[in-house]
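Asks:
Numbering (mature numbering (1 follows the signal peptide of the UniProt record, and there is no 0)), first residue to last: -22 to -1, 1 to 791.
What follows is the structure in structure tokens.
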């Protein structure tokens, strides 16, 4: 064996001196050895030998070369590593082979014999085998045999003609590319969908493709920089995405050793991959979390509920374990009449055992389900243009997620004796009686007050707008639990001062602990608050429909005993202003954490402006409204001032100016005109505050009377941005990256909203090296002495502090 190794090594050295390998190709009789590689013509990818992490094993693979050198996207011999450096890659008339002293350990064999074979690495990262004179006809390609990555242009799914199953399997660990525990592949049974499997157990599921995207998926079109496509015919079933401009962004989809299927985008400034989205956001994304006929809702307490007509299979264990699911409350008698309950905005159940027909409309679909005893539910297969196609379920309804921003409608069969109607939440049924009682009580109270006031000579009495509005909350379907006041009071120890987290324009915020162990934040409207029931209803109706990792989750509300209370997920690290404006606490917030916060806020705003069903203008974006979870991930909160736009509407006017001075854009503060560009302005102010560690309105400088934006503008023009940066960041930051963020912030706060970028452009600026335009003068960049404004603030008797949210009418100029 030693003599054989020496002979092979000598021949390798001799061949290296004689043979020359083309930049991006290996031709017949050519070879590459350990220590050599070929590079795609544009230099994006490299093909050769590598050792992952701390491993000493050698593998043949493809990795990024221009960026993230070492990020491997494909491995040939993942389960047959080479223990030394004697591997050789050769191309012959039968294909590509990887050889060692022990013989061939991997090959890309083909059934076609070629006279002039060429192996070429394309700029897409695809290693192809073709004839020298046939550029477009690939006899073999690595894109047909993915490992754990899906790159732009790759087909992810089935070629029914060629018999190809393109699926991905995770690495065993980050140092070991051998076959791991997780696999993601297309399941063609029933209406096709993708599953991530842990071994043979279903881990998570995409839901079927509904013409727009996978049912219930939150992975949307990132900034409009890629195009997604799902092909479903008798020859192929696959999904792929293509970048619109390959020079502006680099993206990949990867299945990690932990089972996370994540979409990544390369951040040039930080030289790292940023997780834009993942298939598992919460417990509801784990397959069958609530069992058969259970619906998982991250905004509910508890998360799982049974479909109407069903009850927990094991009621005693229901609060501890939902995996057993639900069973029929009364067995559905096929001979008796049946009807359907409509559920809005859900991720459709597992379609593995479903039947579908793309030619049938929804009405005919319902008739077919009604006629078939085994049919349990039906829905449209395609939601575009009002809906088309038909899906019928004949088995358990499993893995339903509700109620998602990107969900769709499903009709579940129930006995005709069941109460019917459109449904979002089981809580709706539970509160029907309380709603009726509320109406009766309000009417009696109103009558009593009316009689008492008439006795005092008062006439023309009406129920207060607040009573009507609070009643509206209970009568509308807000897809949000109404939580009993006693539960809230008990969770906060009767709103104890020891549980108090802070106070704002709405009222006091308390930490609470529910009996099931869930920590919550309770925001209670104070009696003297200038924010009223309109803001309360606005927040309940707005944020309850939103689901994004960078938006705070509203888990319930309470209107009992005349209270107006909002219940949120508890944020361990309070709000952003708690850190960046505190002399001591800002030390714990290095640049990497601040940059992560900036990107998170940007993605949350992008979702509000573009990716949610309604275009939402926050109108009060500021540091105190950015909450931080236990990992310092940002979540935008406080939607009491938000406004929703429908369709193509992009701006509006108001005479009721709301927001916080220092963050309001000029066109909004002066003329009452607001749009997505108003939020962009506020975001720009936030960027400068995060970088500098100073507040915009209270900023002072010994050399001038400018506010923080004015100071930033002056520093930019004088090429002295270093004096703007928080001293804490000077040692922990990439200064070029910090300067770029300041530049982006100045672009966001330009005086004319037309000059400001959209949030989609901002996110792209933050994650790429695209050239930035020169900013123009900021709006409100001088420390102005607005006597009318100061007088107004004084008359309102508001407490001091520029972080206060105000609601006031400002006279137009």
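For every residue, glycine included, the Cβ atom is placed at its ideal position computed from N, Cα and C. A quick note: this is a predicted structure, and the numbers were derived from the prediction, not measured.
Could you give the distance in angstroms between the alpha-carbon of residue 468 and the alpha-carbon of residue 223?
Replies: Taking the first residue of the chain shown as position 1, residue 468 is located at position 490. Taking the first residue of the chain shown as position 1, residue 223 is located at position 245. Approximately 55 Å, taken between the alpha carbons.
Asks: In the DSSP assignment, find the alpha helix (DSSP H) that holds residue 271 and state where it starts and stops.
Replies: Counted from its first residue, the chain shown places residue 271 at position 293. Residue 271 -> no alpha helix (DSSP H), and no H or E assigned at all.
Asks: Please say whether residue 97 and residue 4 have beta carbons closer to each other than 8 Å?
Replies: Looking up residue 4 in the chain shown gives position 26. Looking up residue 97 in the chain shown gives position 119. For residue 4 and residue 97, yes; Cβs fall inside 8 Å.
Asks: Under the DSSP definition of a beta bridge, which residues are partnered with residue 393?
Replies: Along the chain shown, read from residue 1 onward, the residue named residue 393 stands at position 415. DSSP lists 316 as partners of residue 393.
Asks: Whole-angstrom Cβ separation of residue 69 and residue 8, contact assumed at under 8 Å?
Replies: The residue you call residue 69 lines up with position 91 of the chain shown. The residue you call residue 8 lines up with position 30 of the chain shown. Contact flag correct, Cβ pair sits at about 6 Å.
Asks: Determine the direct distance from the alpha carbon of residue 271 to that of residue 386, and round the result to whole angstroms.
Replies: Position 408 of the chain shown holds residue 386. Position 293 of the chain shown holds residue 271. Going from the Cα of residue 386 to the Cα of residue 271 covers about 17 Å.
Asks: Count the other CB atoms within 10 Å of the CB of residue 111; is the residue buried (16 or more) or exposed (fewer)?
Replies: Within the chain shown, the letter at position 133 stands for residue 111. It counts as exposed.
Asks: With DSSP as the reference, identify every bridge partner of residue 325, one or two as the case may be.
Replies: As a first step, residue 325 must be located in the chain shown, where it is residue number 347. Answer is 379.
Asks: Contact between the stretch 580 to 591 and the stretch 736 to 749 is defined here as three or more beta-carbon pairs at a separation below 8 Å; is this criterion met?
Replies: yes
Asks: Just to check my reading of the structure: residue 155 and residue 30 have Cβ atoms closer than 8 Å, yes? What is that Cβ distance to the nearest angstrom?
Replies: Here residue 155 refers to the residue found at position 177 when the chain shown is read from its first residue. Here residue 30 refers to the residue found at position 52 when the chain shown is read from its first residue. Correct: roughly 6 Å between the Cβ atoms.
Asks: How should residue 769 be labelled, buried or exposed, when 16 other C-beta atoms within 10 angstroms of its C-beta is the threshold for buried?
Replies: In the chain shown, counting from the first residue as 1, residue 769 sits at position 791. Model confidence at residue 769 stands at a pLDDT of 41, short of 50, so the residue's coordinates are unreliable; what they give is reported in the following sentence. Answer is exposed; the Cβ neighbour count stays below 16.
Asks: Count the other CB atoms within 10 Å of the CB of residue 714; is the residue buried (16 or more) or exposed (fewer)?
Replies: Within the chain shown, the letter at position 736 stands for residue 714. Burial call: exposed.
Asks: Going by beta carbon distance, what residues of the same chain come within less than 6 Å of residue 268, once the five residues before and after it are set aside?
Replies: Here residue 268 refers to the residue found at position 290 when the chain shown is read from its first residue. Shown here for residue 268: same chain residues with a beta carbon closer than 6 Å to its own, the five before and five after excluded, namely 274, 282, 300 in chain order.
Asks: Relative to the C-alpha of residue 657, which residue among 348, 648, 641, 79 is closest?
Replies: If you number the chain shown from 1, residue 657 lands on position 679. Nearest C-alpha to residue 657: 641.
Asks: Give the straight-line distance between the Cα atoms of residue 362 and residue 126, rounded to the nearest whole angstrom.
Replies: As a position in the chain shown, residue 362 is number 384, starting the count at 1. As a position in the chain shown, residue 126 is number 148, starting the count at 1. Answer to the nearest angstrom: the Cα atoms are 32 Å apart.
Asks: What does a CB cutoff of less than 6 Å around residue 404 pick up in its chain, not counting 5 residues either side in sequence?
Replies: Taking the first residue of the chain shown as position 1, residue 404 is located at position 426. Because the pLDDT of residue 404 is 43, which lies under 50, any placement of that residue in the model is unreliable, and the number read from its coordinates should be weighed accordingly. Counting only Cβ-Cβ distances below 6 Å, and skipping sequence neighbours, we find 283.
Asks: Count the other CB atoms within 10 Å of the CB of residue 704; is the residue buried (16 or more) or exposed (fewer)?
Replies: Taking the first residue of the chain shown as position 1, residue 704 is located at position 726. Buried, by the Cβ-count rule.
Asks: For residue 585, which residues in the same chain have their Cβ closer than 6 Å to its Cβ, ignoring the five residues on either side in sequence?
Replies: In the chain shown, the residue the question calls residue 585 occupies position 607. Same-chain partners within the cutoff: 526.
Asks: Output the residue ranges of the beta strand (DSSP E) runs that lie fully inside the stretch 56 to 132 and measure 3 residues or longer, sorted by chain position.
Replies: 66 to 70, 73 to 78, 81 to 87, 95 to 99, 105 to 109, 116 to 119
Asks: I'd like to know whether the C-beta atoms of residue 239 and residue 324 end up nearer to each other than 8 Å.
Replies: Here residue 239 corresponds to residue number 261 of the chain shown, with the count starting at 1. Here residue 324 corresponds to residue number 346 of the chain shown, with the count starting at 1. The answer is no: Cβ separation not under 8 Å.
Asks: How big is the Cα-Cα spacing for residue 22 and residue 102?
Replies: Working through the chain shown from its first residue, we reach residue 22 at position 44. Working through the chain shown from its first residue, we reach residue 102 at position 124. Between residue 22 and residue 102, the C-alpha separation is close to 8 Å.
Asks: Roughly how many angstroms separate the alpha carbons of residue 114 and residue 106, rounded to a whole number?
Replies: The residue given as residue 114 occupies position 136 in the chain shown. The residue given as residue 106 occupies position 128 in the chain shown. When rounded, the distance between both Cα atoms is 10 Å.
Asks: Just verifying my parser: in three-state terms, what is the DSSP assignment at residue 616?
Replies: In the chain shown, counting from the first residue as 1, residue 616 sits at position 638. Here residue 616 sits in coil by DSSP.
Asks: Output the distance between the C-alpha atoms of residue 488 and residue 557, rounded to the nearest integer angstrom.
Replies: Translated into the one-based positions of the chain shown, residue 488 becomes position 510. Translated into the one-based positions of the chain shown, residue 557 becomes position 579. Cα to Cα, the separation comes out at about 19 Å.
Asks: Taking Cβ positions only, does residue 346 come closer than 8 Å to chain D?
Replies: No chain D appears in this structure, which consists of one protein chain only.
Asks: May I ask which residues mark the beginning and end of the beta strand (DSSP E) holding residue 37?
Replies: Taking the chain shown and counting its residues from 1, the one referred to as residue 37 is at position 59. Looking at the DSSP string, the run of the beta strand (DSSP E) that includes residue 37 is 37 to 42.
Asks: Could you tell me how far apart the beta carbons of residue 575 and residue 533 are, in whole angstroms, since I believe they sit closer than 8 Å?
Replies: By 1-based counting over the chain shown, the position of residue 575 is 597. By 1-based counting over the chain shown, the position of residue 533 is 555. Not a contact, Cβ separation roughly 23 Å.
Asks: What span of residues does the beta strand (DSSP E) with residue 287 cover, start to end?
Replies: Translated into positions along the chain shown, residue 287 becomes position 309. Residue 287 -> no beta strand (DSSP E), and no H or E assigned at all.
Asks: Would DSSP call residue 153 helix, strand or coil?
Replies: Sequence index remark: in the chain shown, residue 153 carries index 175 (1-based). Correct three-state label for residue 153: coil.
Asks: Look at residue 255 and residue 131 and say whether their C-beta atoms are less than 8 Å apart.
Replies: If you number the chain shown from 1, residue 255 lands on position 277. If you number the chain shown from 1, residue 131 lands on position 153. It is not a contact, given that the beta carbons lie outside the stated cut-off.
Asks: Rounded C-beta distance between residue 725 and residue 690? I'm assuming under 8 Å.
Replies: Position 747 of the chain shown, counted from the start, is the residue given in the question as residue 725. Position 712 of the chain shown, counted from the start, is the residue given in the question as residue 690. Not really, about 12 Å apart at Cβ, beyond 8 Å.
Asks: With 16 other CB atoms within 10 Å as the buried threshold, where does residue 347 fall?
Replies: Numbered from 1 along the chain shown, position 369 holds the residue referred to as residue 347. Only buried fits residue 347, as 16 or more other CB atoms lie within 10 angstroms of its CB.
Asks: Just reading off the alpha helix (DSSP H) that residue 9 is part of, what are its end residues?
Replies: Taking the first residue of the chain shown as position 1, residue 9 is located at position 31. For residue 9, there is no enclosing alpha helix (DSSP H); the enclosing beta strand (DSSP E) has its first and last residue at 9 to 11.
Asks: Check residue 726 in the structure and name its three-state DSSP category.
Replies: Against the chain shown, residue 726 aligns to sequence position 748. Residue state, collapsed to three classes: helix.
Asks: How far does the beta strand (DSSP E) with residue 355 in it reach, from first residue to last?
Replies: Counting from one through the chain shown, the residue named residue 355 turns up at place 377. Per DSSP, residue 355 belongs to the beta strand (DSSP E) from 355 to 357.
Asks: In angstroms with no decimal places, state the Cα-to-Cα distance between residue 168 and residue 372.
Replies: To locate residue 168, count along the chain shown from 1; it is residue 190. To locate residue 372, count along the chain shown from 1; it is residue 394. So the alpha carbons of these two residues sit roughly 11 Å apart.
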